[in-house]
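Numbering (this note's numbering), first residue to last: 1029 to 1306.
Reviewing the structure listed below.
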Amino acid sequence: MTRRISWTLLAVLVLAQICYPLTTGATRAGLTVATVVLGWLLSVGHALLSRGPRVAAALVAVATGGGFAIEAIGVATGVPFGSYDYSGELGPKLAGVPLIIPLAWTWMAWPAWLAAVRLTGGSGTPAGRWVGRIALAAVGLAAWDLFLDPQMVAEGYWVWRDATPALPGLAGIPVSNYLGWLLFAVLLMSALRPLAGPAAEHTDRRDHPMLALYLWTYFSSILAHAVFLDLPASALWGAAGMAVTAVPLAVTLLRARRPHHARRDDHQPHRPGVDATR
């Protein structure tokens, strides 16, 4: 049931994102809001159905609640992202922050966390796994903004008062924004596991829709920015940044789909007359 609901919501989300380049103006802004709400429902709903209320509540607390708090501080003080203002096109605001913004943090935080868990399970010391998991999950979430911020700034959904220094090709967005995302992503991921409990320390088949969401976001964003949105620089920066988590995840999932005997044969010589009988 969990997988069926998650796959269905993911399919609707994908359809909405495919429609994005085909719209303009108020229709595009409305579709953006609807997509973020749908993404939030997908991630929080999956956490609830697959792991229970504690994990879902932890995700909402650290990603939605924490996301709103850091955005409100950012709008009021310019720390840690830099000085910026939101337009009125993304719906109602509270403390200067559109209410959908912290929902976006939550939408991508959960699949980024699960991708990191999948990549760091089963090897190394517990401390090493924890550090690697936090690092991969934080980079996996923060690097998404290399796609998101240029796209949203191009649409006029928010504007930076001082956009220097900026990454090459990404004028209009200060480097401090990306560093602020990374800082908060580390704090978010570090808090998620203690609050969520041990249920958040493993992945299984129920998580395939979330891993697919992460990879879909990566590959579709590259295509959309490079081809449909005329944002080639963010296509390159986002491709490089999210690759740290997305590429190993894709390789791991592809290897897991190979037949067991094929994976075994990668690591030991084939013995005619022996392996064939097993």
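No residue lacks a Cβ here, since even glycine has one placed at the ideal position from N, Cα and C.
As the structure is a computational prediction, the values presented were derived from the model and not from experiment.
Which stretch, first to last residue, makes up the alpha helix (DSSP H) that contains residue i?
| i | result |
| --- | --- |
| residue 1035 | 1030 to 1047 |
| residue 1138 | 1128 to 1148 |
| residue 1088 | Counting along the chain, residue 1088 falls outside any alpha helix (DSSP H), and DSSP gives it neither H nor E. |
| residue 1099 | 1094 to 1105 |
How big is the Cα-Cα spacing for residue i and residue j?
| i | j | result |
| --- | --- | --- |
| residue 1140 | residue 1225 | 17 angstroms |
| residue 1053 | residue 1184 | 10 angstroms |
| residue 1297 | residue 1285 | Reliability of the predicted coordinates at residue 1297 is poor, the pLDDT of 37 falling under 50, and no value is obtained from them. |
| residue 1179 | residue 1165 | 22 angstroms |
| residue 1121 | residue 1283 | 45 angstroms |
| residue 1223 | residue 1217 | 10 angstroms |
| residue 1293 | residue 1277 | Its pLDDT being 42, under 50, residue 1293 is placed unreliably in this model, and the value from its coordinates should be taken loosely. If you take the alpha carbons of residue 1293 and residue 1277, they lie about 22 angstroms apart. |
| residue 1237 | residue 1069 | 13 angstroms |
| residue 1057 | residue 1046 | 14 angstroms |
| residue 1099 | residue 1085 | 20 angstroms |
| residue 1303 | residue 1235 | A caution first: residue 1303 carries a pLDDT of 35, below 50, which makes its placement in the model unreliable, though a value can still be read off. So the two alpha carbons sit approximately 33 angstroms from each other. |
Could you tell me whether the Cβ atoms of residue i and residue j are closer together than 8 angstroms?
| i | j | result |
| --- | --- | --- |
| residue 1177 | residue 1110 | no |
| residue 1041 | residue 1060 | no |
| residue 1083 | residue 1227 | yes |
| residue 1254 | residue 1268 | no |
| residue 1065 | residue 1129 | no |
| residue 1270 | residue 1132 | no |
Specify, as a first and last residue, the run of the beta strand (DSSP E) that residue i falls within.
| i | result |
| --- | --- |
| residue 1112 | 1112 to 1114 |
Residue i CB to nearest chain C CB: under 8 angstroms?
| i | result |
| --- | --- |
| residue 1123 | Checking the listed chains, one finds no chain C in this structure; it contains a single protein chain. |
### Query
Along the chain, which unbroken stretches of the beta strand (DSSP E) at least 3 residues long are found entirely within the stretch 1238 to 1293?
Within the stretch 1238 to 1293, no complete beta strand (DSSP E) segment of 3 residues or longer occurs.
### Task
Starting from the N-terminal side, write out each stretch of the beta strand (DSSP E) that is 3 residues or longer and does not extend beyond the stretch 1147 to 1215.
Every beta strand (DSSP E) stretch that sits fully inside the stretch 1147 to 1215 and reaches 3 residues is listed by chain position as 1186 to 1188.
### Query
Just checking, does the stretch 1205 to 1215 make contact with the stretch 1086 to 1104 on the three C-beta pairs under 8 angstroms criterion?
A contact exists between the stretch 1205 to 1215 and the stretch 1086 to 1104.
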